[in-house]
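Structure record follows, encoded as C-alpha cells.
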Amino acid sequence: MKKAMRFGFLVLFVFGFVISTVSFVFAQYTIDWMYVQKRVYEDGTMRKVMNFGIRDEADQRVTDYSDFKGLNLYDPNENLVDYHMPSIWAEDVLGGYYDAYAAQWVYGDFEVDSGVSVPVTDELMEGTYRLELITVDDQIIQKTYEVNEFVTLPVIPAESFQLSSDANGNVHWYWAVPEELGRLSSDYETQARVIIEIRDAGNYIGTLSLRSPSHMGYCFIPSDVVQKVLSKGDEFGMRIQLRTPDNNNRSYSDFLTIMK
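Numbering (my numbering), first residue to last: 3 to 262.
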C-alpha cells in the first residue's frame with residue numbers, strides 16, 4: 003500500500019537547499035503550471051514525467067523549495083502515483099515564436115524560469131491528475147491537469163539539421179519534416195519547439211526555445227539573438243521537439259552539439 007506522505011521530496015530539499023530552522027509564517031504559494039506527459043526520444047528511449055512550477059505571493063517564480071516537505075500525485079482514479087526522486091531546475095530562457103499572420107520571427111529576451119521535474123514510474127492514463135504539495139507548516143496547495151490522449155509523435159532526425167550563417171551573422175536552420183507528421187495532421191494538432199540548450203564550462207545555463215509551425219522545417223535566428231546566446235556559454239546543443247498543444251505528448255531529436 004502506498005503511503006500518503008512522501009519523504010523523498012523532503013530529502014531533495016535537505017540536500018539541495020539550506021532550510022531555515024525556525025519559520026512561523028510562510029508566503030502564499032500557487033502552482034503556476036503543471037503537466038503529465040509521455041516523451042519519446044530519437045534513441046528510442048521513452049519517459050513518463052510530471053513537471054510543475056510555483057509562484058509566490060509576489061507573483062515571482064519560486065526557485066527555493068525549502069518551504070515544502072511533501073509531494074503527492076494522484077491519478078484519475080485518486081490512487082497515489084509512484085515516482086522517482088524529483089529534481090529542481092532553474093534556467094535562463096530566451097523565448098520566441100513565428101507569427102504566421104505577419105510572417106515574422108519574434109524574439110524576447112532571457113528570463114529566469116524554474117520548476118520541478120518528477121519521473122513517474124506508474125503507467126499513465128487519460129483523465130484528471132491532481133498534484134498536492136505540502137508546506138512545512140502543513141498547508142496544502144493543489145492543481146489538476148487533464149490528460150486527453152496519448153499519441154506517439156514522430157521524431158525529427160538530428161542528422162537532417164542543416165545550419166548556415168549569412169554575411170550579417172543571421173543563422174538559418176533547416177531540418178527534415180517526417181512524412182508521418184503530415185498524416186497525423188488530419189487528426190491531431192501539433193507544435194514544434196526549436197531548442198538550443200546552453201552550457202558553459204560543462205554547466206547547464208539555459209535555453210533558447212522558439213515556437214514554430216510543425217511543418218515549416220526552418221527557422222531564422224537574427225544576429226542579435228545569436229550574439230545573446232553565444233554570450234551565455236561555450237557549448238550549444240541543438241534539437242527539435244514536437245508536441246501536442248495539450249502537452250500530453252512530446253518527441254525529441256538527438257542533439258547536434260556545437261562548440262564555440
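All C-beta atoms, glycine included, are put in the ideal place defined by N, C-alpha and C.
F70 versus V228, L135 and F222, residue with shortest Cα-Cα distance: Nearest of V228, L135 and F222 to F70, Cα basis: L135.
Please say whether D236 and D45 have beta carbons closer to each other than 8 Å? Contact flag unset, no.
If you run the structure through DSSP and keep just helix, strand and coil, what is A203? DSSP places A203 in coil when its eight states are reduced to three.
For L186, three-class secondary structure by DSSP: Reduced to three states, the DSSP call for L186 is helix.
Check whether P224 and A194 have beta carbons under 8 Å apart: No; because the gap between Cβ atoms is not below 8 Å, this pair is not in contact.
In this structure, what does DSSP give as the bridge partners for A194? When DSSP reads this structure, A194 sits in a beta bridge with S214 and L244.
Looking at F124: is its Cβ nearer than 8 Å to the Cβ of V153? Per the sequence shown, residue 124 should be read as Asp rather than Phe. No. Outside cutoff.
Take Y176 and list the residues in its own chain whose beta-carbon comes closer than 7 Å to its own, dropping the five residues that flank it on each side. Excluding residues within five positions, the ones whose Cβ falls inside 7 Å are Q164, G219 and Y220.
State the beta-bridge partners of E93 as determined by DSSP. According to DSSP, which records beta bridges pairwise, E93 is partnered with D115.
Go ahead and pull the three-state DSSP assignment for S167. If DSSP states are grouped into helix, strand and coil, S167 belongs with the strands.
Among L183, I56 and D61, which residue has its Cα nearest to the Cα of S68? When each option's Cα is compared against that of S68, the closest is I56.
Start and end of the beta strand (DSSP E) containing D34? Counting along the chain, the beta strand (DSSP E) containing D34 begins and ends at T32 to Y43.
In whole angstroms, what is the alpha-carbon distance linking D202 and G97? Approximately 19 Å, taken between the alpha carbons.
Going by the DSSP bridge assignment, what does V120 pair with across the sheet? Listed as beta-bridge partners of V120 by DSSP are M52.
Identify the residues that DSSP records as bridge partners of H174: which are they? S166 and F222, per the DSSP bridge assignment.
Stretch-stretch touch, CB-based, cutoff 8 Å, three pairs: the region 33-41 with the region 86-103: Per the Cβ contact rule, the region 33-41 is not in contact with the region 86-103 (fewer than 3 Cβ pairs under 8 Å).
Cβ neighbour criterion (16 or more within 10 Å) applied to V64: Burial call: buried.
List the endpoints of the continuous beta strand (DSSP E) containing K71. Counting along the chain, K71 sits inside the beta strand (DSSP E) bounded by residues F70 to Y76.
Just mark R252 as buried or exposed, buried being the case when its beta carbon has 16 or more other beta carbons within 10 Å. Note on R252: 16 or more other CB atoms within 10 angstroms of its CB, so buried under the neighbour-count rule.
What are the start and end residues of the beta strand (DSSP E) that includes M87? Membership of M87 in any beta strand (DSSP E) is not indicated, and neither H nor E is assigned to it by DSSP.
By the DSSP assignment, the beta strand (DSSP E) with E148 in it spans what residues? Judged by DSSP secondary structure, E148 falls within the beta strand (DSSP E) whose first and last residues are I142 to V149.
Report the three-state DSSP secondary structure of L155 (helix, strand or coil). Coil.
Other residues of its chain near E148: CB distance less than 7 Å, five sequence neighbours each side excluded: Excluding positions up to five away in sequence, the list reads T130.
List the endpoints of the continuous beta strand (DSSP E) containing F134. In the sequence under discussion, the amino acid at residue 134 is Glu, which differs from the Phe named in the question. For E134, the uninterrupted beta strand (DSSP E) run begins and ends at G129 to T137, by DSSP.
Helix, strand or coil at V64 [DSSP, three-state]: Shown here, V64 sits in coil according to DSSP, grouped into three states, outside any helix or strand.
Using alpha carbons as the reference points, say which of W107, D77, S116 and H86 lies closest to A92. Nearest to A92 by alpha-carbon distance, out of W107, D77, S116 and H86, is S116.
Supposed contact pair E191 and P247 - C-beta distance, whole angstroms, cut 8 Å: Confirmed, about 5 Å.
Sorted by chain position, which residues of the same chain lie with C-beta nearer than 6 Å to Y43's C-beta, five sequence neighbours on each side aside? The beta carbon of Y43 sits closer than 6 Å to the beta carbons of Y254 from its chain, once the five residues preceding and following it are set aside; these are given in chain order.
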